[in-house]
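Undergrad: Take this structure, written in structure tokens, and hold onto it; I'll ask about it next.
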Amino acid sequence: MGTTHPHRQLAYLPALDGLRAFAVTAVVLYHLNLPLLPGGYLGVDVFFVISGFLITALLLAELDRWGSVDLAAFWIRRVRRLLPALLLVMVAVVAYAQFLAQPAQRAQLRGDGFATLLYYSNWRFIYAGESYFAQYGDPSPLRHTWSLAIEEQWYLVLPLVLTGLAALGFLSRRALAAGFALGAVASALWAAHLYNPDVDPSRVYYGTDTRVQGLLTGACLAALLGSRAWAGRARTSKGQVRYLALGPWTLPLGRQALAHGVGIAGLGAVAAAMLFLPDSSSFLYRGGFLVVALASGAVIYASRLPGPLATLLSLPPLRWLGRISYGVYLWHWPVIVVLSSERTGLGGLGLALVRIAVTLGLSELSYRLVELPVRRGALRRFPRRAGLRPWLVAGVPAVLVTSLVLATPPDPSSSRTVDGLTVSQHVAPAGDRRVLLVGDSTAFTLAMPWSAALTPGVTVTSSTRLGCGFARGGRLIGDQRYAQEEKCAQWPTDWADAVRDSDPELVLLMAGAWETVDHVVEGRVLKVGSQEYGDYLRTELDAASSVLTQRGARLGLVNVPCYQEPDGGMYGPDLVRQRNDRTRIAWINTQYQRYAEAHPETVSVVHLETMLCDEQGRPLATIGGVAAKDVRYDGVHYTEKGAKDVWRWLDSRLLQTLGSNAPLTAYFVGDSVPYGLREDSGGRHGSFTLAGATRLGCGLVTSPRVVAGRVEAMPDACSEWSASWPDQARQSSYDVGVLWPGIGELFDHRVKGRTLRFGSESYRRYLQDEYGRAIDALSSDGRPVVVVTMPCHGVPDGDGREAPAINDAERIAWINDVAREVAAAHGASVVDLGGHLCAGGYSNTSGNVTLRKDGLHFTEAGTTLVLSWLLPQISRSAGLTKG
28 MGTTHPHRQL
38 AYLPALDGLR
48 AFAVTAVVLY
58 HLNLPLLPGG
68 YLGVDVFFVI
78 SGFLITALLL
88 AELDRWGSVD
98 LAAFWIRRVR
108 RLLPALLLVM
118 VAVVAYAQFL
128 AQPAQRAQLR
138 GDGFATLLYY
148 SNWRFIYAGE
158 SYFAQYGDPS
168 PLRHTWSLAI
178 EEQWYLVLPL
188 VLTGLAALGF
198 LSRRALAAGF
208 ALGAVASALW
218 AAHLYNPDVD
228 PSRVYYGTDT
238 RVQGLLTGAC
248 LAALLGSRAW
258 AGRARTSKGQ
268 VRYLALGPWT
278 LPLGRQALAH
288 GVGIAGLGAV
298 AAAMLFLPDS
308 SSFLYRGGFL
318 VVALASGAVI
328 YASRLPGPLA
338 TLLSLPPLRW
348 LGRISYGVYL
358 WHWPVIVVLS
368 SERTGLGGLG
378 LALVRIAVTL
388 GLSELSYRLV
398 ELPVRRGALR
408 RFPRRAGLRP
418 WLVAGVPAVL
428 VTSLVLATPP
438 DPSSSRTVDG
448 LTVSQHVAPA
458 GDRRVLLVGD
468 STAFTLAMPW
478 SAALTPGVTV
488 TSSTRLGCGF
498 ARGGRLIGDQ
508 RYAQEEKCAQ
518 WPTDWADAVR
528 DSDPELVLLM
538 AGAWETVDHV
548 VEGRVLKVGS
558 QEYGDYLRTE
568 LDAASSVLTQ
578 RGARLGLVNV
588 PCYQEPDGGM
598 YGPDLVRQRN
608 DRTRIAWINT
618 QYQRYAEAHP
628 ETVSVVHLET
638 MLCDEQGRPL
648 ATIGGVAAKD
658 VRYDGVHYTE
668 KGAKDVWRWL
678 DSRLLQTLGS
688 NAPLTAYFVG
698 DSVPYGLRED
708 SGGRHGSFTL
718 AGATRLGCGL
728 VTSPRVVAGR
738 VEAMPDACSE
748 WSASWPDQAR
758 QSSYDVGVLW
768 PGIGELFDHR
778 VKGRTLRFGS
788 ESYRRYLQDE
798 YGRAIDALSS
808 DGRPVVVVTM
818 PCHGVPDGDG
828 REAPAINDAE
838 RIAWINDVAR
848 EVAAAHGASV
858 VDLGGHLCAG
868 GYSNTSGNVT
878 LRKDGLHFTE
888 AGTTLVLSWL
898 LPQISRSAGL
908 TKG
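Sequential numbering of the sequence shown, starting at 28, is according to this note's numbering.
In structure tokens form, the structure reads like this:
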């Protein structure tokens with residue numbers, strides 16, 4: 028590992044702290060999504076050049092002095108310099124994972140934490156498919172550590188290379204400088220070779236091989252200057268500076284102005300790049316990063332010389348910010364992720380100022396309380412007794428890793444994530460229906476919390492890819508074009524694999540967050556709402572349908588719900604305007620509906636918007652009594668609780684859609700309420716045909732009612748109906764009989780000259796006989812029968828003497844108890860419609876749907892909603908294998 032040498036630091040250059048301040052300010056402003064510096068991400072390149080310069084100069088100075096490098100001491104100094112602050116940030120990330128992170132994040136944070144502590148996060152983000160320039164939900168709070176990983180990889184390799192060259196006697200400064208320069212050019216050429224303007228550039232942006240050009244540029248400068256240049260000034264006998272050393276060369280004072288001019292021009296070039304080069308600029312990947320690195324090197328060279336540039340960069344505020352710049356870089360991104368607009372209620376400049384203040388505060392505390400004490404030997408003062416010091420150094424990261432694992436428990440399902448594609452697999456128990464969920468990050472956040480308890484009888488697997496819908500091509504957001512991520516073009520293969528592995532009966536396609544933005548396809552701009560984009564969507568849906576239905580599955584297109592994205596992330600307000608635009612969403616949903624109507628045998632539409640949005644397509648403030656932000660944490664992606672609520676909402680609709688290939692007939696017997704359901708639905712709903720014996724004003728019990736002390740005889744038509752429907756039922760073809768208790772049973776009845784009081788034992792026996800007779804008639808030939816419980820009512824009090832009894836919750840509960848008793852005695856099952864609609868008492872709305880027009884009979888929209896829940900429940904309760 029080399030001979031142990033006394034450590035000698037390089038002389039302090041205050042202007043380099045000022046340059047660090049300049050770089051970190053640019054990065055922070057870029058990540059705050061402020062329009063000031065669209066190229067602020069180039070601050071990272073400035074850091075690369077500074078690091079390449081300083082570390083190479085440090086190692087060359089040691090080689091000049093001792094002839095070798097103490098590798099162990101070098102790496103220990105790096106650990107002492109960099110790891111304490113990082114571990115402090117990791118503690119905060121563990122807390123975030125435990126208490127604030129959404130399921131979609133917790134699934135990835137464990138791997139991000141490992142990669143950060145082991146300094147390979149840039150390659151993890153490449154192979155996990157996490158775009159530096161994309162935004163979907165809360166990004167990883169460790170995404171920014173990619174640059175730290177590249178620097179640490181540099182710190183590992185460079186000393187080994189220089190040590191090897193020294194051992195071989197190849198340490199000529201000119202040769203080293205030439206080698207570093209050739210390496211920088213090779214890295215730039217490799218980046219240009221890999222860059223494809225039609226796909227996301229994150230592979231080129233994150234790669235060590237493509238970004239090492241900045242570090243090599245700094246190293247080349249250090250090799251050119253040599254250790255003598257650090258304080259290499261020659262003076263006359265009068266103390267006047269006559270020349271400055273430039274490695275093997277000298278710089279006469281007459282040329283200092285040129286050096287200062289080059290440095291100032293370099294700073295101007297870097298600033299101009301930050302002002303005018305957005306992250307989508309092709310120039311960057313075709314030599315632009317190298318140009319920025321060269322300009323940064325010119326600034327470093329000139330800032331070493333006394334003059335205006337060094338004076339500017341040595342201003343006290345810049346020096347202070349530069350000293351804590353490492354902490355600022357570490358803290359700023361997690362702070363931005365945690366202090367989101369939805370968590371703080373702030374936005375715009377106010378939110379940015381809060382984030383900056385918190386970042387600076389945390390960075391200063393980290394510098395004063397952790398970084399400086401460790402650098403000054405705090406660990407050396409830790410007791411050596413029983414070898415505690417090495418255990419402390421190794422134990423803290425181990426504890427953090429363990430905590431991260433505990434805070435982000437693995438998904439109990441069999442799931443894997445590669446290049447942003449997450450596949451979850453669940454073995455379907457015998458008899459379960461099989462559903463495959465595919466789509467983008469909204470589908471991902473929905474899939475993560477799924478469990479069998481949420482959809483009894485239905486097993487769900489998934490294949491989702493973050494940031495990718497089904498409409499391929501580039502995206503036009505505002506006036507900025509974004510190339511298609513390569514992974515987003517792979518869904519035909521991904522989905523074909525998923526269909527092969529899970530053999531689904533139904534595939535749910537959940538996308539739309541990206542379909543609502545304009546697209547660029549083969550150089551043509553396709554605007555949402557245009558005929559060209561509509562034709563393109565149909566082409567893409569054709570391709571998706573052919574893949575997803577190839578084994579006979581039905582395709583369910585999940586409608587795009589209203590969005591309420593707060594800030595657009597890295598894409599800014601232009602994405603907010605497009606994604607939240609109700610007109611765009613409605614247009615996309617119209618395309619879905621037309622496509623389903625054109626392919627009724629294979630495609631259905633699942634109207635998720637009825638759960639999340641009002642009748643005007645605006646996001647509901649509360650959903651099922653829960654605040655909207657607790658259902659979709661950013662107005663787009665689902666919280667764990669929200670996802671579970673959506674699965675419960677989808678539960679019955681899955682079976683309904685599954686049954687679309689196998690029509691079933693339900694034979695209803697009851698009064699005007701089931702009659703209205705049949706009429707309003709046109710006798711069909713999803714996979715069901717609604718048949719039966721229902722009659723206005725006639726219930727299962729046709730004896731005279733006693734209402735407010737007056738006996739009211741039933742119409743003769745009801746008596747005739749009561750006598751005839753059992754024979755009709757026996758002669759009819761149906762899959763399940765449905766018995767619907769009617770409101771007439773809520774009153775006293777006159778039977779054979781006796782008044783049977785409601786709630787009495789005699790009335791109970793009478794109802795048991797009537798209900799039993801009806802069940803027996805419906806169950807002829809062994810057909811299953813389902814009894815539907817009576818829901819609560821809200822008939823207005825002014826609608827006559829019947830309202831108090833009809834609305835009486837205790838009477839309804841008593842009727843339902845009798846119905847359950849009879850069903851159990853006669854082998855029928857029960858579907859609790861009353862419990863479904865009335866768990867919290869009578870309510871005439873569900874989401875944005877008005878359920879009943881008179882407190883009793885269902886509206887057309889209410890009919891659709893009720894049947895969407897009821898019919899699959901009937902099918903399941905009856906044990907039908909078709910639906």
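Backbone N, C-alpha and C define an ideal beta-carbon position, used for all residues, glycine too. Every value quoted in this text rests on a predicted model; they were computed, and no experiment measured them.
Compare the C-alpha of residue 242 against each of 317, 725 and 172 and name the closest.
TA: The residue you call residue 242 lines up with position 215 of the sequence shown. Considering only alpha carbons, the answer is 317.
Undergrad: Between the region 546 to 565 and the region 477 to 489, do three or more beta carbon pairs fall short of 8 angstroms?
TA: They do not touch, by the three-pair rule.
Undergrad: If we ignore side chains and look at the alpha-carbon of each, how far apart do residue 434 and residue 379 end up?
TA: The residue labelled residue 434 in the question sits at position 407 within the sequence shown. The residue labelled residue 379 in the question sits at position 352 within the sequence shown. Model confidence at residue 434 stands at a pLDDT of 49, short of 50, so the residue's coordinates are unreliable; what they give is reported in the following sentence. Straight-line Cα distance between these residues: approximately 29 angstroms.
Undergrad: Specify the secondary structure class of residue 545 as computed by DSSP and reduced to three states.
TA: Position 518 of the sequence shown, counted from the first residue, corresponds to residue 545. In the structure shown, residue 545 sits in a strand (DSSP, three-state: E or B).
Undergrad: Determine the contact status of residue 403 and residue 44, defining contact as a CB-CB distance below 7 angstroms.
TA: Within the sequence shown, numbered from 1, the residue matching residue 403 stands at position 376. Within the sequence shown, numbered from 1, the residue matching residue 44 stands at position 17. Going by C-beta atoms, residue 403 is not nearer than 7 angstroms to residue 44.
Undergrad: Ignoring anything shorter than 3 residues, give me the beta strand (DSSP E) runs that lie fully in the region 641 to 714, in order along the chain.
TA: Whole beta strand (DSSP E) segments, 3+ residues: 691 to 697.
Undergrad: Taking only runs that begin and end inside the region 719 to 803, name each unbroken alpha helix (DSSP H) of 4 or more residues, in chain order.
TA: Listed in chain order, the complete alpha helix (DSSP H) runs (minimum 4 residues) inside the region 719 to 803 are 743 to 758.
Undergrad: Between 788, 755, 838 and 743, which lies nearest to residue 770 when the distance is taken from Cα to Cα?
TA: Here residue 770 corresponds to residue number 743 of the sequence shown, with the count starting at 1. Minimum Cα distance to residue 770 is reached at 838.
Undergrad: Go ahead and label residue 520 buried or exposed: buried means 16 or more other beta carbons lie within 10 angstroms of its beta carbon, across all protein chains shown.
TA: Here residue 520 refers to the residue found at position 493 of the sequence shown. Per the 10 Å Cβ criterion, exposed.
Undergrad: Where residue 146 and residue 647 are concerned, what is the direct C-alpha to C-alpha distance, given to the nearest angstrom?
TA: In the sequence shown, residue 146 corresponds to position 119, counting from 1. In the sequence shown, residue 647 corresponds to position 620, counting from 1. Approximately 44 angstroms, taken between the alpha carbons.
Undergrad: By the DSSP assignment, the alpha helix (DSSP H) with residue 481 in it spans what residues?
TA: Here residue 481 refers to the residue found at position 454 when the sequence shown is read from its first residue. Here residue 481 belongs to no alpha helix (DSSP H), and DSSP marks it neither H nor E.
Undergrad: Quick one: does residue 870 have its CB under 7 angstroms from some CB of chain D?
TA: Of the protein chains in this structure there is only one, and it is not chain D.
Undergrad: Rounded to a whole number of angstroms, what is the C-alpha to C-alpha distance between residue 181 and residue 75?
TA: Within the sequence shown, residue 181 is the residue found at index 154, counting from 1. Within the sequence shown, residue 75 is the residue found at index 48, counting from 1. Rounded to whole angstroms, residue 181 to residue 75 spans 10 angstroms at the Cα level.
Undergrad: Under 8 angstroms, with one C-beta from each stretch per pair, do the region 116 to 130 and the region 215 to 225 reach the 3-pair mark?
TA: Touching, no, given that fewer than three Cβ pairs across the two stretches are closer than 8 angstroms.
Undergrad: Express the C-alpha separation of residue 343 and residue 42 in angstroms, rounding to a whole number.
TA: Walking along the sequence shown from the start, residue 42 turns up at place 15. Walking along the sequence shown from the start, residue 343 turns up at place 316. Going from the Cα of residue 42 to the Cα of residue 343 covers about 10 angstroms.
Undergrad: What's the C-alpha gap between residue 66 and residue 588?
TA: If you number the sequence shown from 1, residue 66 lands on position 39. If you number the sequence shown from 1, residue 588 lands on position 561. Distance between the alpha carbons of residue 66 and residue 588 is about 34 angstroms.
Undergrad: Within 10 Å of its beta-carbon, does residue 303 have 16 or more other beta-carbons around it, so buried, or fewer, so exposed?
TA: The residue you call residue 303 lines up with position 276 of the sequence shown. By the neighbour-count rule (16 or more Cβ atoms within 10 Å), residue 303 is not buried but exposed.
Undergrad: Using a Cβ-Cβ cut-off of 7 angstroms (strictly less than) and excluding sequence neighbours within five positions of residue 745, which residues of its own chain qualify?
TA: Position 718 of the sequence shown holds residue 745. Cβ within range, chain order: 722, 724, 725 and 729.
Undergrad: Within the same chain, show all residues whose beta-carbon is closer than 6 angstroms to that of residue 169, passing over the 5 residues directly before and after it, in chain order.
TA: Position 142 of the sequence shown, counted from the first residue, corresponds to residue 169. Around residue 169: 139 and 143.
Undergrad: Are there 16 or more other CB atoms within 10 angstroms of the CB of residue 493, so buried, or fewer, so exposed?
TA: Along the sequence shown, one-based indexing puts residue 493 at 466. Buried is the call here.
Undergrad: Which residue wins for smallest C-alpha separation from residue 175, given the options 189, 219, 235 and 118?
TA: By 1-based counting over the sequence shown, the position of residue 175 is 148. For the residues 189, 219, 235 and 118, the minimum Cα distance to residue 175 belongs to 235.
Undergrad: Cα separation between residue 540 and residue 887?
TA: Here residue 540 corresponds to residue number 513 of the sequence shown, with the count starting at 1. Here residue 887 corresponds to residue number 860 of the sequence shown, with the count starting at 1. Computed Cα separation, rounded: 30 angstroms.
Undergrad: Between the region 381 to 388 and the region 350 to 368, do three or more beta carbon pairs fall short of 8 angstroms?
TA: Yes, the region 381 to 388 touches the region 350 to 368.
Undergrad: Is the Cβ-Cβ distance between residue 537 and residue 462 less than 7 angstroms?
TA: One-based indexing of the sequence shown puts residue 537 at position 510. One-based indexing of the sequence shown puts residue 462 at position 435. Not closer than 7 angstroms, so no.
Undergrad: Under 7 angstroms, do residue 901 and residue 853 count as touching if we go by C-beta distance?
TA: Against the sequence shown, residue 901 aligns to sequence position 874. Against the sequence shown, residue 853 aligns to sequence position 826. No, the Cβ-Cβ distance between residue 901 and residue 853 is not below 7 angstroms.
Undergrad: Counting pairs of Cβ atoms below 8 angstroms between the region 785 to 799 and the region 843 to 863, do you hit three or more?
TA: Contact between the region 785 to 799 and the region 843 to 863 is present, because at least three Cβ pairs lie under 8 angstroms.
Undergrad: Check for me: the alpha helix (DSSP H) holding residue 839 runs from which residue to which?
TA: Position 812 of the sequence shown, counted from the first residue, corresponds to residue 839. Segment 836 to 852, the alpha helix (DSSP H) holding residue 839.
Undergrad: Whose C-alpha, out of 649, 863 and 50, is nearest the C-alpha of residue 323?
TA: If you number the sequence shown from 1, residue 323 lands on position 296. Of the candidates 649, 863 and 50, the one whose C-alpha sits nearest the C-alpha of residue 323 is 50.
Undergrad: Going by DSSP in three states, residue 488 sits in which element: helix, strand or coil?
TA: Residue mapping note: residue 488 aligns to position 461 of the sequence shown, counting from 1. Correct three-state label for residue 488: strand.
Undergrad: Excluding the 5 residues flanking residue 3 on each side, which residues of the same chain have their C-beta closer than 8 angstroms to its C-beta?
TA: Because the chain spans 28 through 910 in this model, residue 3 falls outside it and cannot be assessed.
Undergrad: So, is residue 919 buried or exposed, given that buried needs 16 or more other C-beta atoms within 10 angstroms?
TA: The structure shown does not extend to residue 919, since the chain is modelled only from 28 through 910, so no value can be given for it.
Undergrad: Quick check on DSSP: helix, strand or coil for residue 40?
TA: Reading the sequence shown from its first residue, position 13 is the one you call residue 40. Residue 40: coil per DSSP, three-state reduction.
Undergrad: Which value, in whole angstroms, describes the spacing of the CA atoms of residue 255 and residue 491?
TA: Here residue 255 is taken as the residue at index 228 of the sequence shown, counted from 1. Here residue 491 is taken as the residue at index 464 of the sequence shown, counted from 1. The pLDDT assigned to residue 255 is 46, lower than 50, so where the model puts this residue is not dependable; a value taken from the coordinates is nonetheless given after this. Answer to the nearest angstrom: the Cα atoms are 58 angstroms apart.
Undergrad: In angstroms, rounded to a whole number, what distance separates the CA positions of residue 805 and residue 857?
TA: Position 778 of the sequence shown, counted from the first residue, corresponds to residue 805. Position 830 of the sequence shown, counted from the first residue, corresponds to residue 857. Going from the Cα of residue 805 to the Cα of residue 857 covers about 14 angstroms.
Undergrad: On a Cα-Cα basis, can you pick out the residue from 895, 821 and 907 that is closest to residue 865?
TA: Here the question's residue 865 lines up with position 838 in the sequence shown. When each option's Cα is compared against that of residue 865, the closest is 821.
Undergrad: Taking the continuous alpha helix (DSSP H) assigned at residue 560, which residues delimit it?
TA: Position 533 of the sequence shown, counting from 1, holds the residue named residue 560. 558 to 575 is the extent of the alpha helix (DSSP H) around residue 560.
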